[in-house]
Amino acid sequence: MTVLAIVGATGAVGSTMIEIIDARESVPWSEIRLVASARSAGKVLKVRGEDVTVRLLEPEVFDGVDIALFDVPDEVSAEWAPVAASRGAVAVDNSGAFRMDPEVPLVVPEVNADEAANRPKGIIANPNCTTLSMMAAMGALHREFGLTALVVSSYQAASGAGQGGIDRLQAELSAVAGKDLGSRSGDVAEALADLPDESPFPAPLALNVVPWAGSLKDGGWSSEELKVRNESRKILGIPDLKVSATCVRVPVVTTHSLAVHATFSREVTVEAAHKVLGAQPTIVLRDDPAAGEWPTPADAVGGDPTVVGRIRQALDFPDTLELFVCGDNLRKGAALNTYEIAETVAATL
Ligand code: 2RA
């Protein structure tokens, strides 16, 4: 009898979580409890064909729960994940509240599943979706060739900013559709003048790219760029890994892409990288430029695997590969990895 709770069940990631659970052939749960704030409590959602009434987030809702998944903002997780843990549940948290806490493991099951057992606070953290999108590939290559440095540029989808990000991109796309825009400075912004001033993005996203995600940190870095650095080091277990990231928002609804420049301690050929990546069950290789085969977010979206391609040996950098990676930020980047952590823990209970 293993009871699962999903906190934030009605949000963008929570809804994807329910889709993932519905698609599983079997699940180890005797009960799936849906939990949300007062705004959504009382709603009825279908889970594996059964109506489930969403319960209010309150301490008693965790009684009898074995594993509680949190898909809520940082401040909600910071308050409530410890409550769930204090009531006996293992909290698996998809927010940024605990990721860099030394007493909280940061887990990607393909890379460091063993870490899930070492959880002194009863909390396990799920990485940020941008970091996660490359971790299956980087973990596999690191095991074989010893990763020493990563230089990363991200191409992040609007849904990384939640349902509000999707809604905003769609409204902007409607506002610019069919218009002759993009050849005069400011013309896209003018076309959006009738939309609400408030946007999750600091500049127009339709017909544009925005070199910003997250909040401003020291030295001009964005919080998102620092997450890529700090979380990659923690997940891969390489405290001194050299990492430099530039995070960019692009007008894609869902699926983050990353251009990765990865340096290893041993020589690595494209053929060797193909062999290693091709053997990973959660990676799909699409790497045949002559046939027009490469990863794109439009192909990767809605799927579980990380799609990897454009693998090249860097011409002027020995022991370095260039590659392009696409991962659905709501699935492997959030709900799927969180759920896979829950499955990993459930197997040990
Ligand atoms: C973003 N990675 O894409 C963030 C969300 N966690 O905005």
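In UniProt numbering, the protein residues as written are 1 to 349.
Just so you know, even glycine gets a beta-carbon here, dropped at the ideal spot from N, CA and C.
Backbone CA spacing between residue i and residue j [nearest angstrom]
i             : j              : result
glycine 302   : arginine 312   : 27 angstroms
alanine 273   : methionine 100 : 30 angstroms
valine 210    : asparagine 118 : 39 angstroms
valine 90     : valine 83      : 10 angstroms
glycine 186   : asparagine 329 : 30 angstroms
alanine 245   : glutamate 50   : 44 angstroms
aspartate 304 : threonine 255  : 11 angstroms
threonine 53  : valine 7       : 13 angstroms
threonine 16  : leucine 169    : 19 angstroms
aspartate 197 : alanine 189    : 11 angstroms
valine 233    : alanine 68     : Sequence check: residue 233 is arginine here, not valine. Approximately 26 angstroms between the Cα atoms of the pair.
valine 276    : glutamate 144  : 8 angstroms
aspartate 71  : serine 95      : 7 angstroms
First through last residue of the beta strand (DSSP E) which encompasses residue i
i            : result
glycine 278  : First-last for glycine 278: 270-278, but that is the alpha helix (DSSP H), not the beta strand (DSSP E).
residue 350  : Coverage of the chain is limited to positions 1 through 349, which leaves residue 350 absent and any answer about it impossible.
lysine 46    : 44-47
arginine 249 : 242-249
Beta-carbon gap between residue i and residue j smaller than 9 angstroms
i              : j              : result
valine 92      : asparagine 128 : no
alanine 335    : glutamate 322  : no
serine 153     : lysine 332     : no
isoleucine 235 : valine 151     : no
glycine 162    : alanine 12     : yes
isoleucine 283 : alanine 113    : no
valine 308     : alanine 137    : yes
leucine 205    : arginine 266   : no
aspartate 66   : leucine 147    : no
Span of the alpha helix (DSSP H) around residue i
i              : result
glutamate 293  : Careful: glutamate 293 lies outside any alpha helix (DSSP H) and carries neither H nor E.
threonine 16   : 12-23
glycine 164    : 162-176
isoleucine 124 : Element bounds for isoleucine 124: not the alpha helix (DSSP H) but the beta strand (DSSP E), 123-125.
alanine 85     : 74-86
alanine 342    : 336-346
valine 111     : 109-112
Heavy atom of ligand 3 within 8 angstroms of residue i beta-carbon
i           : result
alanine 157 : The model on display carries ligand 1 but not ligand 3.
* **Segment contact, 8 angstroms Cβ cut-off, at least three pairs: the region 166-182 with the region 283-301** => no
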